[in-house]
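Each residue of the sequence shown is one higher than the one before, starting from 0 at the first, in numbering that gives the first Met the number 0.
For every residue, glycine included, the Cβ atom is placed at its ideal position computed from N, Cα and C.
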Amino acid sequence: MKRLKCAKAATPAIFLLPLIITMIITFPAFATEPTPGTDTSFLENSENFTFGGWIEGLGAWDTENDSPTEQSCLFRNRVRLESDWRHRFDLNNRLKVRISLDSDYLKMGGGDKSYNDYNFTLHEGYLLFSHCNITTTIGRQIVRWGKTDQLSPVNNLNPQDLRLFILPELEERKIPIWMLRVQGFGNNWSWEGIYIPWFANSDIDYFDSDWAIFRHLREDINRSSLPQEYKIYADKTMHVKRDKPAHTLGNGEFGGRVSFTLGRVDFSLSYLYGWENQPTIESFPIKNLEVDGSFSGDDLDLIPTIPDLIFTDENIRATYKRQQVTGFEFETTIGNFGLRGEAVHFDRMAFLTSDLTSKRHPVFHTVVGVDYSGTNDWYCNLQVSYLKIMNYNSEILYFEDENIALMGKISKHFFNHNLELGLRYNYTITDKSYYLEPKLTLKYFTDLNLELGANFLGGDKDTLFGSFRNNDQLFVRIKYYF
Numbered sequence: 000m001k002r003l004k005c006a007k008a009a010t011p012a013i014f015l016l017p018l019i020i021t022m023i024i025t026f027p028a029f030a031t032e033p034t035p036g037t038d039t040s041f042l043e044n045s046e047n048f049t050f051g052g053w054i055e056g057l058g059a060w061d062t063e064n065d066s067p068t069e070q071s072c073l074f075r076n077r078v079r080l081e082s083d084w085r086h087r088f089d090l091n092n093r094l095k096v097r098i099s100l101d102s103d104y105l106k107m108g109g110g111d112k113s114y115n116d117y118n119f120t121l122h123e124g125y126l127l128f129s130h131c132n133i134t135t136t137i138g139r140q141i142v143r144w145g146k147t148d149q150l151s152p153v154n155n156l157n158p159q160d161l162r163l164f165i166l167p168e169l170e171e172r173k174i175p176i177w178m179l180r181v182q183g184f185g186n187n188w189s190w191e192g193i194y195i196p197w198f199a200n201s202d203i204d205y206f207d208s209d210w211a212i213f214r215h216l217r218e219d220i221n222r223s224s225l226p227q228e229y230k231i232y233a234d235k236t237m238h239v240k241r242d243k244p245a246h247t248l249g250n251g252e253f254g255g256r257v258s259f260t261l262g263r264v265d266f267s268l269s270y271l272y273g274w275e276n277q278p279t280i281e282s283f284p285i286k287n288l289e290v291d292g293s294f295s296g297d298d299l300d301l302i303p304t305i306p307d308l309i310f311t312d313e314n315i316r317a318t319y320k321r322q323q324v325t326g327f328e329f330e331t332t333i334g335n336f337g338l339r340g341e342a343v344h345f346d347r348m349a350f351l352t353s354d355l356t357s358k359r360h361p362v363f364h365t366v367v368g369v370d371y372s373g374t375n376d377w378y379c380n381l382q383v384s385y386l387k388i389m390n391y392n393s394e395i396l397y398f399e400d401e402n403i404a405l406m407g408k409i410s411k412h413f414f415n416h417n418l419e420l421g422l423r424y425n426y427t428i429t430d431k432s433y434y435l436e437p438k439l440t441l442k443y444f445t446d447l448n449l450e451l452g453a454n455f456l457g458g459d460k461d462t463l464f465g466s467f468r469n470n471d472q473l474f475v476r477i478k479y480y481f
């Protein structure tokens, strides 16, 4: 599979209108003289320009070669260039411009079909204008809502890069999008409003990848002992037609968030009227299927013996649906312990089912976590996730009606923080599946990090983590900052 694309960075003039209005309203502040007696020493260095970035190389190798179609090795090269320009007009008015470019090459090989994907994009590109206690940010950006780590159901404004499932950490998976953000700050409280003019979906593969939704189903059919007509049929129909929302004002997304402090506890309430950035599979060409979600090629030879199957000329159809999200967050500290949590209600969320189409259900999801920064450079983080699917149907793959999981991170620094030993973990109590990432990080050299680690996934083949259990791998990552 080969994909080469460059993101479009152009924006219509109407997208700049809110910024222009804000600057016109606040223009008199630009011309005001500082109040007598006011400290104006910062004006001597009122402009600031910074430039930097990083280069990263990642190599990974499967611990076993489990299938001829499996991609047993991976290489990824990323380059990020970042620049910031800041200017202060006076005590009450400041401006910041950020531009960052991202080059991302991902290759997976070692199987019958290699995977090549290259993207060169404008990563972030925004203008931030602050007047007194009002801040307006317009452009391509990442906005973080939510308090918990790695699994943060409130943190859903930006889509994610899921081509490698959840192996990269959450902040690395976030994709910047075009949006307008206005924030207001008061004593012990703040508010913000968000407008997203154009829909952006999460980046996820459907076929030809060890981490794709349907894994290597097409290739497994071609390699099977099925009659030739089945192989021709799979090549003809098993392609995805995507139906995305049109770029119109009526298809925009908007939301708001209010944050406040009571005593030693920070709280936030939020609402988002947007689009679910994960696809809803509306149709699959073979009807009356009943699969377990493992996508193992071992059972393909049984297809001709399954009764009531209907083979249509349809393609796979993926659409994106409206979604309303209401969220609650809190965070506080008690000594060396940090306590945080989130609770979210989704009016609808898509789940893949046994006939390989999606069903949408209301969902309640809460995550509560505690972390500890102790003596001798120890850090521990533990989070508990509870996800409830309303009107549950047993055809849903990978999830029960109630799902409980434990996740977090444990790390210890050695030799004046030059060496870090860590473990990232996720264990689903409900189905006994797991994901583990032990990692050793060397930070001895200035601006250079070297990581050695592994990714282990396990569980029954009909669980989410267990369906990827043949993807265990060892990895090496080198990252240089400049």
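Listed in chain order, the non-local C-beta contacts of W190 below 6 angstroms within the same chain comprise G183, V257, local neighbours out to five positions each way being set aside. Here DSSP, grouped into helix, strand and coil, assigns K460 to coil. Beta-bridge analysis with DSSP links A211 to no other residue. Annotated three-state conformation of D430 is coil, per DSSP. Put simply, of F88, R217, L163, T318 the residue whose alpha carbon is nearest the alpha carbon of S295 is R217. Classified as buried, G407 has 16 or more neighbouring CB atoms from the shown chains inside 10 Å of its CB.
Within the DSSP secondary-structure output, W60 pairs in a beta bridge with C72, L473. A distance of 9 angstroms or more separates the beta carbons of L271 and I203. Shown here for E63: same chain residues with a beta carbon closer than 8 angstroms to its own, the five before and five after excluded, namely N469, D471 in chain order. About 5 angstroms separates the beta carbon of Y480 from that of W53, a gap short enough to meet the 8 angstroms contact definition. For G251, the secondary structure class from DSSP, reduced to helix, strand or coil, is coil. Taking M107 as reference, the option from L73, T445, E46 with the minimal CA-CA separation is L73. As the crow flies, the alpha-carbon of G249 is around 28 angstroms from that of R172. By the neighbour-count criterion, in which a residue is buried when 16 or more other Cβ atoms sit within 10 angstroms of its Cβ, Q227 is exposed. Between the region 441 to 453 and the region 426 to 433, the count of Cβ pairs shorter than 8 angstroms is below three; the stretches do not touch.
Looking only at E123, Y319, P196, the smallest Cα-Cα distance to N276 is reached by Y319.
Inter-residue distance for T462 and I305 is about 23 angstroms (C-alpha atoms, whole angstroms). Per the coordinates, the alpha-carbon of S129 lies some 6 angstroms from the alpha-carbon of T135. When DSSP states are grouped into helix, strand and coil, Y205 belongs to the coil group. Counted as a single uninterrupted DSSP element, the beta strand (DSSP E) harbouring K240 occupies residues 239 to 242. As computed with DSSP, Y272 is found in a beta bridge with F253, Q323. Selection F253, R79, A245, N335 evaluated against Q322 yields F253 as nearest (Cα-Cα). In this structure, DSSP gives T147 a state outside helix and strand, which the three-state scheme calls coil. Approximately 4 angstroms separates the beta-carbon atoms of H215 and T68; this is inside 8 angstroms, confirming the contact.
Per DSSP, the unbroken alpha helix (DSSP H) holding N221 starts and ends at 216 to 222. Distance between R476 and E81, taken at the CA atoms: about 21 angstroms. Membership of R339 in any alpha helix (DSSP H) is not indicated; the residue belongs instead to the beta strand (DSSP E) covering 336 to 351. Where L156 is concerned, there is no enclosing beta strand (DSSP E), because DSSP gives it neither an H nor an E.
If you look at R180, you'll find it isn't in any alpha helix (DSSP H); it sits in the beta strand (DSSP E) that goes 176 to 185.
The shortest C-alpha to C-alpha distance from T427 to any of F464, L420, G421, N392 is the one to F464. The residue among T374, Y385, L355, Y371 with its C-alpha nearest the C-alpha of T365 is Y385. Taking a cut-off of 8 angstroms for Cβ pairs, the region 368 to 375 and the region 385 to 403 do not touch, as fewer than three such pairs fall below it. Inter-segment contact for the region 388 to 397 and the region 337 to 355 is present: three or more beta-carbon pairs are separated by less than 8 angstroms.
Under the DSSP assignment, K173 falls outside any beta strand (DSSP E); it carries neither an H nor an E label. Between S357 and I309, the C-beta spacing is not below 9 angstroms. Burial check for K146: the Cβ neighbour count within 10 Å reaches 16 or more, so the residue is buried.
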